[in-house]
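Residue numbers (my numbering): 2 to 245. Glycine included, C-beta positions come from ideal geometry on N, C-alpha and C.
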Amino acid sequence: MQILINAEEAILTLVPATDEESETIAAIAARMKPEEKLKYGGRGTDPEGEDFCTVFLHAGGESEIVEEKVNPNFTVVQRQFTGSTKLELVGTTEDDKYAIGGIRNACYFATGGLIFLGETMYDGKQAINVTAARCKHCSANLIEFGRCEWKTCAKCAEKCEHEYKRGMVHGPGLDMGVGEFCTKCGSGKPREESEREKSVIEQHLAVKEELGMPVFYKNGPPNTPEEAVQLQRLARRHAKANRA
């Protein structure tokens, strides 16, 4: 799937790259009306590896929440769809794959799906236009994850009379950290010129120290930010000893 990004109008154009994708896009275009939602149905692993993901979207049909207890301490909760037209977004190029990662974040954390705007043609192929959300102040289209989360476009955020609060922050370059953000529009408080930007590990340590939430890494070791700091110290000592 090719993902064309119109940043100015906040519109994504989904262009099929295979015959199967063309059939699915045609079925969705025939089935959906403008403003209806392509519902988010989870993520998959990109064929080229775990660095990227695929995204499942569903047009129409019904859905229900299903819980599956994998073991006494772990329950998987997922949404199952029936009677829907399923579209899997699999990126063609690296840029497409990054765009799909952004779509996943917007859908998972903020919107629950994409808004169908209508069908179009690109390079002789039938395609569809979508956006992720709408600004709650002016109804402008939104595709950027942070804007979708707060339902506020950049222009309206500029007009906001910010009220900052310290707490959990996250974004495309940081899974979780601690910082100051506006409780009205979500904009982060600008750093002072002399203020150093914290590393990801420092941000993870702050999450535990300030918010009381321990952080664990999936593909360790290191399994925690504390272990990561210890490994960094050992590496520096080893490098210093080799130079001596």
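Counting along the chain, no alpha helix (DSSP H) covers residue 123; the unbroken beta strand (DSSP E) around it starts and ends at 114–123. With respect to the C-alpha of residue 21, the residue from 78, 91, 14, 43 having the closest C-alpha is 91. Per DSSP, residue 149 has no beta bridge partner at all. Residues of the same chain with a CB within less than 7 Å of the CB of residue 170, apart from the 5 flanking positions on each side, are 178, 179, 180, 182, 189 in chain order. Rounded to whole angstroms, the separation of the alpha carbons of residue 107 and residue 100 is 11 Å.
A straight-line Cα-Cα distance of about 7 Å links residue 155 and residue 148. Beta-bridge pairing by DSSP links residue 93 to no other residue. With a cut-off of 8 Å on Cβ pairs, the segment 188–207 is in contact with the segment 153–168, counting three or more such pairs. Sorting 12, 25, 72, 3 by C-alpha distance to the C-alpha of residue 134 places 12 at the top. Annotation for residue 130: the continuous beta strand (DSSP E) segment containing it runs 126–132.
The C-beta distance from residue 57 to residue 45 rounds to 7 Å, short enough to fall under 8 Å. Rounded to whole angstroms, the separation of the alpha carbons of residue 144 and residue 5 is 12 Å. Nearest in C-alpha terms to residue 28, of all of 87, 37, 43, is 87. Residue 195 sits exposed, since fewer than 16 C-beta atoms from the chains shown fall within 10 Å of its C-beta. Distance from residue 113 to residue 218 at the Cβ level is roughly 28 Å; contact not present, criterion being Cβ atoms closer than 8 Å. Here the alpha carbon of residue 64 sits roughly 51 Å from the alpha carbon of residue 235. Closest option to residue 226, judged by alpha-carbon separation, among 237, 238, 204, 213: 204. Under the criterion of beta carbons closer than 8 Å, residue 26 and residue 39 do not qualify as touching, at roughly 11 Å.
Shortest Cα-Cα distance from residue 159 to any of 142, 150, 146, 138 involves 138. For residue 8, there is no enclosing beta strand (DSSP E), as DSSP marks it with neither H nor E. Classified as exposed, residue 96 has fewer than 16 neighbouring CB atoms from the shown chains inside 10 Å of its CB.
Spatial neighbours of residue 82 in its own chain (CB-CB distance under 8 Å, excluding positions within 5 residues in sequence) are listed in chain order as 40, 42, 59, 62, 63, 64. Minimum Cα-Cα distance from residue 128 among the listed residues 23, 37, 229 corresponds to 23. Taking residue 222 as the centre and dropping the five residues before and after it, the same chain places the C-beta of 228 closer than 7 Å to its C-beta, in chain order. In the three-state reduction of the DSSP assignment, residue 168 falls in the strand class, which pools E and B. Take residue 85, set aside five residues on each side of it, and the residues of its chain with a beta-carbon closer than 7 Å to its own are 59, 60, 61, 62, in chain order.
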